[in-house]
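Below is one structure, written out as structure tokens; the observations come after it.
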Amino acid sequence: MNPYAQQRLWKYFLLAFALVIAFGSLLYTGYLVKNIKKSERTRAEMWALSMKQITASDDNDFLNYVFTVRDSLSVPAMIVDRQGDIITTKGLDSTKTYIKLPPAPGVKNAKKYDPAYFQGELDAMKSEHEPISLKVFGNDWYVYYHDSFVLTQLKIFPYVQLSVIAIFLLVAYTAFNTSRKSEQNQVWVGLAKETAHQLGTPISSLMAWTELMKEKFNAEDDPLIAEMENDIQRLEIVADRFSKIGSQPVLEGHSVYDVVKDFVDYFKVRVSNKISFEISGNRNLRAGLNIPLFDWVIENLLKNAVNAIENAGSIKVDISGSKTRNQVYIDVTDSGKGIPRSKFETVFQPGYTTRKRGWGLGLSLTRRMVENYHRGQIFVKDSELGKGTTFRIVLKSIKDDT
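Heads up: the sequence shown is residues 4 to 405, going by my numbering.
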């Protein structure tokens with residue numbers, strides 16, 4: 004299985020597992036809330052019946068038992084009649100049942116009942132539960148009550164719990180992802196610099212051998228020797244590219260059109276003549292470039308385009324810009340097999356490839372060089388299966404030095 008596909012499968016599995024945990028937590032908490040609500044309603048009904056018995060009974064011994072039952076209710080409650088007038092209350096905040104009156108001559112600490120407080124509590128109770136109905140001396144009584152503090156907290160607990168878990172997982176994922184990227188960067192840098200170091204010795208040796216061959220065989224103008232020297236120069240460029248990985252390269256102002264055209268001219272003679280190349284656009288746009296690294300970017304995009312074209316086709320490079328945004332756009336369009344929209348971001352992931360012998364590092368490395376070294380952007384601008392793909396590079400434009 005493709006490593007990226009396997010990684011994505013694990014993400015889906017972990018997400019599904021997290022959803023199961025969340026659903027299970029909410030379900031179990033809902034079960035507990037339901038049972039506690041049932042228990043509290045039973046106690047409220049017992050309190051209501053006890054109040055009825057207190058009103059109707061003359062048996063003192065029985066009344067003592069009824070008072071005990073009445074006092075077992077631990078939540079605030081009210082009894083109202085058919086007209087909504089409050090008959091009695093229990094458990095309300097005694098500091099809010101009265102309102103202080105302005106001082107009067109001969110009266111200290113004057114106060115009176117606060118009807119707004121009682122009405123507010125009654126309205127809140129009505130919104131929480133259906134009333135418990137009683138028939139007392141032919142009159143209809145209705146009992147309302149609040150949820151207990153424990154029940155109220157239990158209702159919101161799973162959401163608080165899941166929020167804390169989500170925050171923890173987000174922080175942990177961010178830390179892990181940052182650590183993993185840092186480790187990947189170290190691997191990239193170490194591998195690149197070691198490759199450049201390893202290439203240095205054979206390149207120096209090849210340069211010496213070519214000089215020796217020219218002297219020994221008097222082959223200064225031999226075309227074969229010239230081609231060998233071209234290949235050695237190419238190897239030097241490759242080694243120089245790898246040596247720049249991990250260090251901030253120097254960016255110099257260049258004509259984007261000229262740099263791209265020079266590499267396209269070099270590249271197109273080294274691929275099938277069934278593939279046509281076309282470069283167009285504004286020749287005056289300039290950007291800060293490190294030519295060896297930027298050539299590598301264009302090379303990877305052109306190779307990717309060539310691989311997408313099965314037989315014959317075309318590759319077009321268009322250079323445009325935006326004065327208002329101070330940006331240069333480089334669009335590389337091929338007439339290849341295209342990319343599904345769902346894979347627009349996936350193609351830049353390390354290890355993703357559609358080729359049997361590919362490593363899936365070209366576009367990942369390309370994005371790294373564009374974003375990290377040239378402070379630009381690269382993305383799939385457009386693609387249609389069977390018709391082709393357009394990659395866009397966005398760079399910050401600079402003014403002409405002249």
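Glycine included, every Cβ here is placed at the ideal spot set by N, Cα and C.
Buried versus exposed call for residue i [16 or more other C-beta atoms within 10 Å across all chains shown]
| i | result |
| --- | --- |
| V23 | exposed |
| V69 | Below a pLDDT of 50, predicted positions are generally treated as unreliable, and V69, at 46, falls in that range; no measurement from the model is reported. |
| F179 | exposed |
| H377 | buried |
| N329 | exposed |
| G141 | exposed |
| K247 | buried |
| Y147 | buried |
| S400 | buried |
| Y437 | Examination of residue 437 is not possible in this model, given that the chain is present from 4 through 405 alone. |
| T336 | buried |
| A119 | exposed |
| A315 | exposed |
| G193 | exposed |
| Y34 | exposed |
| D298 | buried |
| D96 | exposed |
| S42 | exposed |
| L12 | exposed |
| E124 | buried |
| R410 | Residue 410 lies beyond the residue range present for the chain, which begins at 4 and ends at 405; the question has no answer from this structure. |
| G27 | exposed |
| P3 | As shown, the chain starts at 4 and ends at 405. That puts residue 3 outside it, with no answer to give. |
| L30 | exposed |
| N307 | buried |
| S208 | exposed |
| V153 | exposed |
| G87 | exposed |
Reduced DSSP secondary structure (H/G/I, E/B, other) of residue i
| i | result |
| --- | --- |
| D64 | With a pLDDT of only 48 at D64, under the threshold of 50, the placement of this residue in the model should not be trusted; the figure read from the coordinates follows. In the structure shown, D64 sits in a helix (DSSP, three-state: H, G or I). |
| I170 | helix |
| Q86 | coil |
| D385 | strand |
| S151 | coil |
| I248 | coil |
| S28 | helix |
| V241 | helix |
| G390 | Here residue 390 is Lys; the residue named in the question, Gly, does not match the sequence. Coil, per DSSP. |
| G256 | strand |
| V272 | coil |
| F140 | coil |
| L431 | Nothing about residue 431 can be read from this structure; the chain reaches only from 4 to 405. |
| E131 | helix |
| T100 | coil |
| R395 | strand |
| K41 | helix |
| V146 | strand |
| R46 | helix |
| K277 | coil |
| K264 | helix |
| K402 | coil |
Contact belief for residue i with residue j at Cβ below 8 Å, rounded distance in angstroms
| i | j | result |
| --- | --- | --- |
| K346 | G389 | With 8 Å as the limit, K346 and G389 do not qualify as a contact, their Cβ atoms being about 15 Å apart. |
| A211 | A242 | Going by Cβ atoms, the distance from A211 to A242 rounds to 16 Å, so no, they are not a contact pair. |
| K99 | D126 | About 15 Å separates the two Cβ atoms, so there is no contact after all. |
| A311 | T393 | In fact, because the Cβ distance is near 11 Å, the residues do not count as touching under 8 Å. |
| L467 | M372 | Since the first residue shown for the chain is 4 and the last is 405, residue 467 is missing from the structure and cannot be characterised. |
| V320 | I381 | The Cβ separation is near 14 Å, so there is no contact. |
| L368 | N303 | 7 Å |
| F266 | K196 | About 24 Å separates the two Cβ atoms, so there is no contact after all. |
| F2 | L364 | Residue coverage of the chain in this structure runs from 4 to 405, which leaves residue 2 outside it and unanswerable. |
| I322 | Y260 | 5 Å |
| V383 | I342 | 6 Å |
| V78 | H149 | 5 Å |
| V300 | I278 | No, V300 and I278 are not in contact; Cβ-Cβ is about 19 Å, not under 8 Å. |
Residue i at chain B interface by Cβ criterion, 8 Å
| i | result |
| --- | --- |
| E387 | Protein chains in the displayed structure number just one, and chain B is not present. |
Worksheet entry | Cβ contact (3+ pairs, closer than 8 Å) linking the region 166 to 173 and the region 208 to 218 | The region 166 to 173 makes no contact with the region 208 to 218; the number of CB pairs closer than 8 Å stays below 3.
Practice prompt. Tell me the start and end of each unbroken beta strand (DSSP E) in the region 297 to 367 that is at least 3 residues and wholly inside, in chain order.
Written response: Entirely contained in the region 297 to 367, the beta strand (DSSP E) runs reaching 3 residues are, in chain order, 316 to 325 and 330 to 337.
Item to complete: Decide if the region 247 to 256 is in contact with the region 289 to 305; the criterion is three or more beta carbon pairs, one per stretch, under 8 Å apart.
Response: Contact between the region 247 to 256 and the region 289 to 305 is present: 3 or more CB-CB pairs across the two stretches fall below 8 Å.
Item to complete: Report yes or no: do three or more beta-carbon pairs, one from the region 229 to 236 and one from the region 265 to 275, lie closer than 8 Å?
Response: Not touching, per the Cβ criterion.
Item to complete: Indicate whether the contact test is met: 3 or more Cβ pairs, each with one atom in the region 126 to 135 and one in the region 84 to 100, closer than 8 Å.
Response: The region 126 to 135, when compared against the region 84 to 100, does not touch it at the 8 Å Cβ threshold.
Worksheet item: Residue ranges of each alpha helix (DSSP H) run of no fewer than 4 residues wholly in the region 174 to 215, ordered along the chain?
Response: If we require 4 residues or more, the region 174 to 215 turns out to have no alpha helix (DSSP H) run fully inside it.
Worksheet entry | Cβ contact check for the region 147 to 165 and the region 11 to 18: 3 or more pairs under 8 Å | Put simply, the region 147 to 165 does not touch the region 11 to 18. Fewer than three CB pairs are less than 8 Å apart.
Discussion item. Going residue by residue through the region 214 to 238, where are the continuous alpha helix (DSSP H) segments of at least 4 residues, counting only ones entirely within it?
Written reply: Whole alpha helix (DSSP H) segments, 4+ residues: zero.
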